[in-house]
Each structure stands twice: as C-alpha cells, then as structure tokens.
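Top to bottom, those sequences are chains L and Z. Counting from 1, one number per residue, gives the positions in the first sequence under UniProt numbering. Counting from 1, one number per residue, gives the positions in the second sequence under UniProt numbering. Below: one structure, written as structure tokens.
Protein chains: 2
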Amino acid sequence: MCFRGFVLVLGEQREAVRLFNNPGAQECADVIMSAASKRRAVIVLGVCEVSYRGRTSSELARGERLVIVKEDGSLLVHRTWGYKPVNYMPPGAMVYAKSDSGSVVISAKRGSESMRVVFHKVYLAATLNFRDDSSFEQKGTEAQMRDAVVFYPELVEKGLRVLTHEFQVKSGFVDLMALDSRGRLVAIEFKANPAKTADVNQLIAYVSRLRALSKERGIRGVLAAPSINKAARKLLVDSGLEFKRLDKDECLRVLEEFKPTMSLLSFIEKGDEHSA
Amino acid sequence: MCFRGFVLVLGEQREAVRLFNNPGAQECADVIMSAASKRRAVIVLGVCEVSYRGRTSSELARGERLVIVKEDGSLLVHRTWGYKPVNYMPPGAMVYAKSDSGSVVISAKRGSESMRVVFHKVYLAATLNFRDDSSFEQKGTEAQMRDAVVFYPELVEKGLRVLTHEFQVKSGFVDLMALDSRGRLVAIEFKANPAKTADVNQLIAYVSRLRALSKERGIRGVLAAPSINKAARKLLVDSGLEFKRLDKDECLRVLEEFKPTMSLLSFIEKGDEHSA
DNA sequence: CGTGCCAGGTGCCAT
DNA sequence: ATGGCACTTGGCACG
Chain L
1 MCFRGFVLVL GEQREAVRLF NNPGAQECAD VIMSAASKRR AVIVLGVCEV
51 SYRGRTSSEL ARGERLVIVK EDGSLLVHRT WGYKPVNYMP PGAMVYAKSD
101 SGSVVISAKR GSESMRVVFH KVYLAATLNF RDDSSFEQKG TEAQMRDAVV
151 FYPELVEKGL RVLTHEFQVK SGFVDLMALD SRGRLVAIEF KANPAKTADV
201 NQLIAYVSRL RALSKERGIR GVLAAPSINK AARKLLVDSG LEFKRLDKDE
251 CLRVLEEFKP TMSLLSFIEK GDEHSA
Chain Z
1 MCFRGFVLVL GEQREAVRLF NNPGAQECAD VIMSAASKRR AVIVLGVCEV
51 SYRGRTSSEL ARGERLVIVK EDGSLLVHRT WGYKPVNYMP PGAMVYAKSD
101 SGSVVISAKR GSESMRVVFH KVYLAATLNF RDDSSFEQKG TEAQMRDAVV
151 FYPELVEKGL RVLTHEFQVK SGFVDLMALD SRGRLVAIEF KANPAKTADV
201 NQLIAYVSRL RALSKERGIR GVLAAPSINK AARKLLVDSG LEFKRLDKDE
251 CLRVLEEFKP TMSLLSFIEK GDEHSA
C-alpha cells in the first residue's frame with residue numbers, strides 16, 4: 001500500500017501526533033517549517049544524504065534514516081544502529097526546510113556550523129505535539145560521592161576534617177581539601193567510575209601545584225573512586241599518592257541518613273575558600 | 001481521527017516502513033519482539049515512564065516521548081528537546097517487550113545494567129526495514145592534523161624530524177616524538193580544538209616523564225592546536241612548554257597534497273618504537 | 001560568555 | 001577483556 005498525502009491524527013484527547021504518509025517534497029518542507037514555527041518536534045523517515053561543515057566536516061552518502069528535528073533546534077540523523085546520531089546539530093540551531101526539484105532540503109545553521117540533509121524520498125513525516133514536564137531524577141553521581149564525604153569524612157579516613165571543596169589552583173580545581181588527624185593537608189579527587197591514568201595525572205597536577213604553594217607543609221593526594229585500574233595504581237603509588245576505595249552505594253546510604261538532619265551548605269561554608 | 005489497528009506499509013519498491021496506528025498493548029509488544037527477532041529497528045511514540053538501574057540509577061515519570069529500539073539492541077528515549085536521549089541503553093542490550101495490564105513494557109538488559117520503559121499509551125509504532133550502507137567520511141580530526149605534520153614537519157617548525165608517534169610513557173601516549181634542528185627531543189601533543197588547561201596538564205605529565213627518563217637531555221614539549229585559551233597558555237609557559245598554532249585547513253591542504261604521492265606508513269615505520 | 005570538568009559519557013583502536 | 005584517548009564530545013556550574 002502506498003498512500004500519498006494521507007494524514008492521520010493520533011491521540012485520543014488531543015492531537016499529539018500528526019502523520020504525513022509519503023508526503024510530497026513541498027508538503028514535507030511545509031510540515032517542517034510549520035512545526036518549527038510552533039516549536040514542535042518533527043520526525044522524518046526516508047532516503048537522505050547529509051553533509052556537515054563546522055568543527056570538522058563530513059559527508060554521508062544516500063541511505064534510509066530517521067531524522068528528528070527537535071523544538072529547541074537540535075537536529076539528529078539516526079541510522080538503525082548505534083547509540084549516537086551519525087550527524088547532528090546541537091540545540092540552538094536555526095532550521096529551515098524547502099523543496100528543491102523534488103527533494104526536501106533541511107538546512108541548519110548555528111554559528112559557524114551548518115548541516116544539510118537532502119531527502120530524496122520521504123516515507124513518513126510526523127509532527128509531535130508532546131507534553132513532557134516530568135523531572136529526571138538521578139542518583140549515584142560523583143557530586144553525591146563528594147557530598148557524602150563532606151557529611152561523613154570517615155568514608156575516606158578516620159579523623160579527617162573537611163576544609164573546602166573546589167579549591168582552585170592553576171591546573172584546575174581540587175574536589176575537596178581536608179586536614180588529616182596529624183594536621184597534614186589532603187587533596188582529594190573523586191571519581192564515580194574506575195579511576196584511570198588520566199585521573200591520576202589530574203591529581204598529580206593538583207598536588208604538585210599545592211606543593212609548590214606550600215613547600216614546607218606535607219601534602220597528601222588521595223584519589224577516591226569505586227576502583228582503580230592497574231596502570232593507574234602504579235603511577236599513583238610511584239608519584240607518592242594514595243588510593244581510597246569508595247563504594248557508591250555506601251555513599252548513597254550516608255547521604256540518605258544525613259540529608260534529613262543537616263544541610264550541605266552548613267558544612268561547606270565552614271571551609272575557607274581562598275584561591276591559589 | 002483515531003484508527004486502532006490500522007496498518008500502513010510505506011516505500012514504493014520495498015516495505016521500508018510498516019506503521020501501526022494506535023496499536024493495542026499486545027499488538028505493540030508483538031511488533032517490537034518481531035522486529036527484534038528480525039534485527040529491525042522500531043520507533044514508538046506515546047506516553048511512557050522510564051527507570052534505569054546500572055552505573056547510576058534514575059527515574060523518569062510519565063510523559064510523551066519518542067523511543068527508538070535499534071537493530072543492535074540500543075534503546076533510546078528522546079524527549080522533544082535536547083541532543084541527548086534522556087534515557088538509553090547502549091548497543092548490545094537484550095530487549096524484550098510484553099503487554100502488562102494494558103501497558104507495553106519494554107525491558108532491556110546488558111550486563112549489570114537494566115532499563116524499563118512502560119508505555120501507558122502508544123500513538124504510533126513503526127518498524128524500519130532500512131538500507132543504509134553508506135560510509136561516513138569525516139575530515140579535520142586530530143589524527144589528520146598529526147598525519148599532516150608527519151608528512152610535512154615544517155608545519156610545526158623548520159628542521160623538525162619526526163621520530164615516532166604514540167610513544168608510550170607511564171602517564172600515557174605522546175602523540176608525536178621528534179628531533180628539532182639542534183638535536184633536542186620534542187614531545188608534541190595535538191589538539192583539534194582550542195587547547196585547555198587539561199590539555200596542558202596532559203603534556204606536563206608526558207614531558208615530566210620523559211625528563212625523568214633522560215635527565216641530561218633537553219626535552220621540549222609542544223602543544224599544537226588551532227588556538228589556546230588564556231589560562232592554558234599561562235600554565236603552559238610557566239611550565240616551560242610551548243604552543244604552536246596549527247591551522248586545520250592548512251593541515252588538510254598538506255594531506256591532500258602529499259596523500260597521492262606517499263604512504264603514511266612509509267613515514268611512520270621509520271621511527272623506532274620503544275616503550276618507556 | 002569563557003573556563004573547568006563530569007558523564008550512566010560513546011566510540012575506536014591498541015595490547 | 002583492559003587500557004588509553006579523541007569526540008562536531010554534550011551538559012552544567014561558576015566567575
């Protein structure tokens with residue numbers, strides 16, 4: 001079956017989806033422009049080719065793909081495999097569509113970047129009038145690990161006292177600065193994922209900066225993560241730094257326990273925030 | 001208009017898209033399972049909620065969204081805005097769909113990760129029987145900048161001789177090792193984007209390793225990038241390292257010029273590849 | 001706006 | 001499989 005110009009409206013209470021089956025080039029371009037003006041998303045299924053100029057440049061020859069034009073101006077070209085779009089424009093692009101000798105040309109511009117999708121054949125276009133104001137809640141991030149240690153420093157070691165977070169040195173920001181039970185400064189870098197060599201390099205850069213600032217004072221560097229790979233641990237130890245295993249779930253438990261009783265700010269603000 | 005169970009087949013020569021308007025829960029689940037068994041992608045438009053457990057955990061409450069089940073097992077939940085899917089499973093997941101008291105439940109598992117999408121209402125499902133074997137060609141990457149310098153070292157400086165690439169030290173891999181006209185070793189780190197502090201830190205780590213290996217020999221460190229931000233340049237200079245502006249287009253021109261006449265390998269293989 | 005840095009990063013390629 | 005690293009990284013927070 002092949003219907004040209006057949007339009008379906010879906011959604012029981014409200015027109016949530018408007019379908020255009022086998023639209024002509026001009027109709028499809030109109031659909032996209034009309035949706036853009038109403039800040040609605042459009043999906044297009046069909047045969048297209050794509051070119052991109054900007055941070056790099058790329059060419060994608062003819063093939064059947066799914067294109068999504070979103071209400072914020074982002075534009076995604078998806079193949080039938082892979083997590084990532086093969087081509088895209090990030091949010092904020094200006095998207096135009098026009099008919100050109102039987103093809104639909106979608107162009108998107110954003111600063112010095114531009115993308116052009118040419119559809120030789122459109123099987124289906126659909127405009128989405130969607131409602132979606134639900135919040136997205138996530139648990140188990142690095143920031144939460146750090147917060148847990150702020151609340152309960154013993155997660156790292158006994159007698160630790162937190163001084164400040166995001167302490168600035170030339171090479172960047174130290175996640176957490178603390179004092180150990182013997183009065184030594186401790187720079188702590190958190191990683192939510194297994195620590196790699198690059199993470200150790202980051203800590204090395206920070207600690208060497210801190211040592212340059214305070215030559216007489218002993219400064220410890222601690223990498224706190226769920227685990228660490230072998231090469232990274234070797235580099236860490238060779239550089240005189242330490243690893244502390246930090247369990248994500250345990251951090252979450254601590255957060256759950258402390259959150260009702262204390263505010264994070266009251267802890268954080270105790271630390272002096274100077275810049276180095 | 002609201003059609004239940006109305007099926008359209010789109011594509012003139014071949015059934016490229018099969019549409020299911022307002023499918024029932026069981027029908028929709030069947031469509032997804034059937035597509036999965038044939039390694040075909042499916043898109044689903046409707047009202048859903050999503051939960052994820054794995055590297056972190058997340059909850060996304062009810063809302064209207066676009067879900068893509070791809071032929072490689074990847075699963076994307078897209079809202080009508082934003083470049084990224086709000087929830088997803090990477091390629092390789094096992095995807096199942098079933099009907100459960102009027103809802104469609106899509107679950108995906110991959111190692112210790114799992115995701116669950118519950119559709120309370122499906123406006124549209126579509127199976128994609130797409131052909132797309134075009135290659136994706138990209139120009140202007142960091143690797144190409146490095147190749148250009150291998151062909152024509154003068155892009156960095158006169159008299160430079162390339163020794164080897166991806167030279168391994170404990171902190172990682174040095175993009176390119178070379179000798180300058182005065183016989184000093186030069187470690188070169190390429191960046192396709194404006195260089196940041198983190199990039200300087202990377203070079204610092206490499207050069208300090210190289211200096212530890214060869215204390216008597218003078219070792220230069222060069223960061224080659226289209227540009228460098230202010231803080232990064234300061235850190236670079238303070239660390240006794242150098243910046244070399246490298247224009248992407250010029251690198252591409254050099255590549256275009258040299259590619260016909262010489263093979264990259266003949267250059268690369270001249271260098272000795274030892275490990276440090 | 002630039003700068004820094006995390007991300008459920010993903011993807012590619014090396015050992 | 002693990003590791004190292006680029007990516008049109010995207011995204012957020014902060015000065």
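All C-beta atoms, glycine included, are put in the ideal place defined by N, C-alpha and C.
Residues of chain L with a Cβ closer than 7 Å to the Cβ of P90(Z) are, in chain order, Y83.
With contact defined as three or more Cβ pairs closer than 8 Å, the stretch 79-91 of chain Z and the stretch 147-160 of chain Z are not in contact. Contacts between S57(Z) and chain L, judged by CB atoms closer than 8 Å, involve Q138, K139, G140 in chain order. Between the stretch 97-104 of chain L and the stretch 101-120 of chain Z, the count of C-beta pairs closer than 8 Å stays below three; the two stretches do not touch.
If you check each beta-carbon in the stretch 62-82 of chain Z against every beta-carbon of chain L, the ones closer than 8 Å belong to R62, G63, E64, R65, L66, I68, K70, E71, D72, S74, L76, H78, R79, T80, W81, G82.
For F258(L), no chain Z residue has a C-beta closer than 9 Å to its own C-beta; the minimum C-beta separation is roughly 19 Å.
Within chain L, the C-beta atoms nearer than 8 Å to that of S134(Z) come from E49, L60, A61, R62, G63, in chain order.
Flagged as an interface residue toward chain Z: K234(L), by a C-beta distance shorter than 9 Å. Between N229(L) and chain Z, the shortest Cβ-Cβ separation is not below 9 Å. Taken atom to atom, the span from the alpha-carbon of L155(L) to that of L246(L) is near 7 Å. Its Cα nearest to that of R184(L), the residue R211(L) stands out among R211(L), G24(L), I204(L), S37(L).
For F243(L), there is no enclosing alpha helix (DSSP H); the enclosing beta strand (DSSP E) covers residues 242-245.
Close to chain L, meaning a Cβ-Cβ distance shorter than 9 Å, are the following residues of the stretch 189-205 of chain Z: A192, N193, T197, A198, V200, N201, Q202, I204, A205. Taking C-beta separations shorter than 7 Å and ignoring five residues to either side along the sequence, the partners of K196(Z) in its chain run N229, A232, following chain order. DSSP places Y206(Z) in the uninterrupted alpha helix (DSSP H) bounded by 197-213.
In terms of beta-carbon proximity, R146(L) stays away from the interface with chain Z, with every pair separated by 9 Å or more. Excluding its 5 nearest sequence neighbours in each direction, M94(Z) has C-beta neighbours in its own chain below 6 Å: K109, listed in chain order.
Nearest to M177(Z) by C-alpha distance, out of N193(Z), S227(Z), I188(Z), is I188(Z).
Residue contact with chain L for S214(Z): absent (no Cβ-Cβ distance below 9 Å to any residue of chain L). Contact between R79(L) and D132(Z) is confirmed by a C-beta separation of about 5 Å, below the 8 Å threshold. A192(Z) carries a coil assignment under DSSP once its states are collapsed to helix, strand and coil.
About 5 Å separates the Cβ atoms of L75(L) and V69(L), confirming a contact at the 8 Å cut-off.
Among the residues facing chain Z, R40(L) is included, as its CB has a counterpart in that chain under 9 Å away. By the Cβ rule, the stretch 40-60 of chain L counts as touching the stretch 112-120 of chain L, because three or more pairs are nearer than 8 Å. Scanning chain Z for C-beta atoms nearer than 8 Å to the C-beta of V17(L) yields L45, Y123, L124, reported in chain order.
Distance between L252(L) and A224(L), taken at the CA atoms: about 15 Å. Think of a sphere of 8 Å around the beta carbon of L128(L): the chain Z residues whose beta carbon falls inside it are L45, E64, L66, T80, in chain order.
Within the stretch 149-179 of chain L, those residues whose Cβ lies closer than 9 Å to any Cβ of chain Z are, in chain order, K170, S171, G172. Here R18(Z) is buried: its Cβ has 16 or more other Cβ atoms, across all protein chains shown, within 10 Å.
Secondary structure note for K139(Z): its beta strand (DSSP E) is the uninterrupted segment 136-139.
Put simply, the CB of V86(Z) is near chain L, with a gap under 9 Å to one of its CB atoms. DSSP places V174(L) inside the beta strand (DSSP E), whose first and last residues are 172-179.
Under the three-state reduction of DSSP, K259(Z) is assigned to coil, being neither helix nor strand. The distance from the Cβ of K139(L) to that of T56(Z) is about 6 Å, consistent with a contact at the 8 Å cut-off. The beta carbon of L241(L) is closer than 8 Å to those of V200, L203, I204, V207, R220, G221, V222, L223 in its chain, skipping five residues each way along the sequence.
Residue pairing of N129(Z) in beta bridges, as defined by DSSP: absent, with no partner found.
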